[in-house]
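Line by line, the protein sequences are chains A and B.
For what it's worth, my numbering labels the leading residue of the first sequence as -9, then goes sequentially.
For what it's worth, my numbering labels the leading residue of the second sequence as 4, then goes sequentially.
To start, the structure under review is shown below, and the notes come after it.
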Amino acid sequence: MSGDRVYPDEPAGPFEAPPLSFVDGEDRDIEIRPYPDDADGESGEDEFEALVEMYTEFDPADRAQGIPPGRESDVRSWLETILGDDGYNVVAWDDDAVAGHATLVPDGDAYELAIFVLQAYQGAGIGTHLMEALLGHGAANGVDRVWLTVERWNRAAVGLYKKVGFETSDAESFELEMTALLADPA
Amino acid sequence: MKVLLGVGGSDDSLRALEDTVERARAAGDDLTVAVVENPRSERSPEEVDDRVRTVLADAGLDAPVRHVEGDAGSRLVAIAEEEDFDMIAIGGGETSPMGKINLGSIAQFVLLNSHVSVKLVR
């Protein structure tokens, strides 16, 4: 990816860092926590398996630019890559089940962002909380430049990204590229 | 089948080169390789030309290699249509750190403008 991305003049945020909890639009108690959970960078096998389960249940019609992968074995190797040491992840939990996951994957001095909300949990405000929690988690760890690509017909996603402070940086491809500059932590 | 392969030097175009040459060798396709200008590629046309000739030689395939100047997408489409190619083959996109597939600008132009079938190599 090119290193000459344009970032907005105005920073986005500040956003509250997780853990945080809220009641979603369907009256479910949702908790957002960083992944891995503890300061040692370890997360339990149960949490990992819960993430795998969310992605294997994911509706293939909601895949974007080839992710998440379709087969469980590919989901596992993809997750091991994006949950690696240098990125930042947050997970939205409905009790022991994963409702959504958002991730920042390192790319030079910036981070690439992606967010996934399981179909049964869409349209209940979880995406907005998850985005804000991820950006709060990233900013608290020194992340300042974030970019993403999104299919231009995906209006719900584009609207969410704009709402939290992303601006379009490249509109000349099939996929829109959007960028955000993160404010210092609150 | 008469196949026009466009190679601009991006990683996905080099994968398309390997794949298309192997396919041409196995299927007996009538392959022409066009070395095109991709402003986003860090490899020079000379480097790309070397790579193309190496891959062809390794496969034992004697295919014409030509250098195409100017806008890569529109030139590929024009050559394919004017010279009755059956298919244009090009790289099918780069993968971001996240694993997202991003289609290059040459592939986008060719896909939307070509009246000849297009093969995106993944």
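Yeah, the Cβ is synthetic: ideal placement off N, Cα and C, and Gly gets one too.
Practice problem: Within its chain, find whatever has a CB closer than 7 Å to the CB of MET(-9)/A; leave out the 5 residues flanking it on each side and keep chain order. | Solution: Bear in mind that the predicted position of MET(-9)/A carries a pLDDT of just 46, short of 50, making it too unreliable to give a figure here.
Quiz prompt | Beta-carbon proximity list for VAL71/B, same chain, < 6 Å, skipping 5 on both sides | solution = For VAL71/B, where only same-chain residues beyond five positions count, the Cβ hits under 6 Å are ALA37, VAL39 and ARG78.
Self-check item: Residues, ordered as in the chain, of the region 99 to 110 of chain B that lie near chain A by beta-carbon distance below 7 Å
Solution: For the region 99 to 110 of chain B, the set of residues with a beta-carbon nearer than 7 Å to any beta-carbon of chain A comprises SER99, PRO100, MET101, GLY102, LYS103, ILE104, ASN105, LEU106 and SER108, in chain order.
Quiz item: Got a sec, what are the start and stop residues for the beta strand (DSSP E) LYS103/B sits in?
Solution: From DSSP, LYS103/B is part of no beta strand (DSSP E); its letter is neither H nor E.
Quiz prompt | Residues within the region 0 to 19 of chain A neighbouring chain B, beta-carbon criterion of under 8 Å | solution = Within the region 0 to 19 of chain A, no residue qualifies.
Quiz item: Quick one: which chain B residues come within Cβ less than 8 Å of TRP133/A?
Solution: With the sequence shown as reference, residue 133/A is identified as Val, and Trp is not the correct amino acid for it. What VAL133/A touches in chain B: nothing, since even the nearest Cβ is about 14 Å away.
Quiz item: For ARG18/A, which three-state DSSP category applies?
Solution: In the structure shown, ARG18/A sits in coil (DSSP, three-state: anything other than H, G, I, E or B).
Exercise. Specify, as a first and last residue, the run of the beta strand (DSSP E) that TYR101/A falls within.
Key: For TYR101/A, the uninterrupted beta strand (DSSP E) segment begins and ends at 100 to 107.
Quiz prompt | Spatial neighbours of GLU47/A in its chain, beta-carbon cut-off 6 Å, leaving aside the 5 residues before and after | solution = Cβ within range, chain order: n/a, list empty.
Exercise. Output the residue ranges of the alpha helix (DSSP H) runs that lie fully inside the region 110 to 139 of chain A and measure 4 residues or longer, sorted by chain position.
Key: The region 110 to 139 of chain A contains these whole alpha helix (DSSP H) runs: 116 to 130.
Quiz item: In angstroms, rounded to a whole number, what distance separates the CA positions of ALA130/A and TYR78/A?
Solution: If you take the alpha carbons of ALA130/A and TYR78/A, they lie about 11 Å apart.
Practice problem: Check distances from the C-beta atoms of the region 47 to 59 of chain A to those of chain B and list, in chain order, the residues that come in under 9 Å. | Solution: Cβ contacts with chain B come from ALA54, GLN55, GLY56, ILE57, PRO58 and PRO59.
Exercise. Compare the beta carbon distance of TRP68/A and GLU21/A with 7 Å and say whether it is the shorter of the two.
Key: With a cutoff of 7 Å on beta-carbon distance, TRP68/A and GLU21/A are scored as not near each other.
Quiz prompt | Endpoints, alpha helix (DSSP H) assigned at ALA75/B | solution = Taken as a continuous stretch (DSSP letters only), the alpha helix (DSSP H) holding ALA75/B covers 75 to 85.
Quiz item: For the ligand FMN, any of its heavy atoms closer than 6 Å to the Cβ of ASP33/B?
Solution: By its list of ligands, the structure shown contains no ligand whatsoever, and the ligand FMN lies outside what it can speak to.
Quiz item: Interface residues of chain B around SER163/A at Cβ under 8 Å?
Solution: Simply ASN105, LEU106, SER108 and GLN111.
Self-check item: Buried or exposed (CB count within 10 angstroms, at least 16 for buried), LEU115/B
Solution: That one is exposed.
Quiz item: Is the Cβ-Cβ distance between GLY115/A and ASP14/A less than 7 Å?
Solution: Yes, the pair counts as a contact, with Cβ atoms nearer than the cut-off.
Quiz item: Within 10 angstroms of its Cβ, does ILE109/B collect 16 or more other Cβ (buried), or is it exposed?
Solution: It is buried - the Cβ of ILE109/B has at least 16 other Cβ atoms within 10 Å.
Quiz prompt | Terminal residues of the beta strand (DSSP E) in which GLY94/B lies | solution = Membership of GLY94/B in the beta strand (DSSP E) is indicated by the continuous run 90 to 94.
Quiz item: Should ARG43/B go down as buried or exposed, given a rule of 16 or more other Cβ atoms within 10 Å for buried?
Solution: So ARG43/B counts as exposed.
Practice problem: Indicate whether at least one CB of chain B lies closer than 7 Å to the CB of VAL95/A. | Solution: So yes, VAL95/A belongs to the interface.
Practice problem: Measure the C-alpha to C-alpha separation of LEU172/A and GLU122/A and round it to an integer number of angstroms. | Solution: When rounded, the distance between both Cα atoms is 11 Å.
Quiz item: Based on Cα-Cα distance, which residue from ARG66/A, HIS127/A, ASP(-6)/A and TYR111/A lies nearest to LEU41/A?
Solution: Of the candidates ARG66/A, HIS127/A, ASP(-6)/A and TYR111/A, the one whose C-alpha sits nearest the C-alpha of LEU41/A is ARG66/A.
Exercise. Determine the DSSP secondary structure at VAL42/A, reduced to helix, strand or coil.
Key: Here VAL42/A sits in helix by DSSP.
Practice problem: For chain B, find out if any of its Cβ atoms is closer than 7 Å to the Cβ of ALA147/A; answer yes or no. | Solution: Cβ-Cβ to chain B under 7 Å: no for ALA147/A.
Quiz item: Under a Cβ-count criterion, where at least 16 other Cβ atoms within 10 Å of its own Cβ denotes burial, should MET44/A be classed as buried or exposed?
Solution: By the neighbour-count rule (16 or more Cβ atoms within 10 Å), MET44/A is buried.
Quiz item: Is DSSP giving MET(-9)/A helix, strand or coil here?
Solution: Unreliable positioning characterises MET(-9)/A in this predicted model, as indicated by a pLDDT of 46, which lies under 50. The coordinate reading is nonetheless provided below. MET(-9)/A: coil per DSSP, three-state reduction.
Quiz item: Does the distance from the C-beta atom of MET101/B to that of GLU102/A stay below 7 Å?
Solution: Contact: yes.
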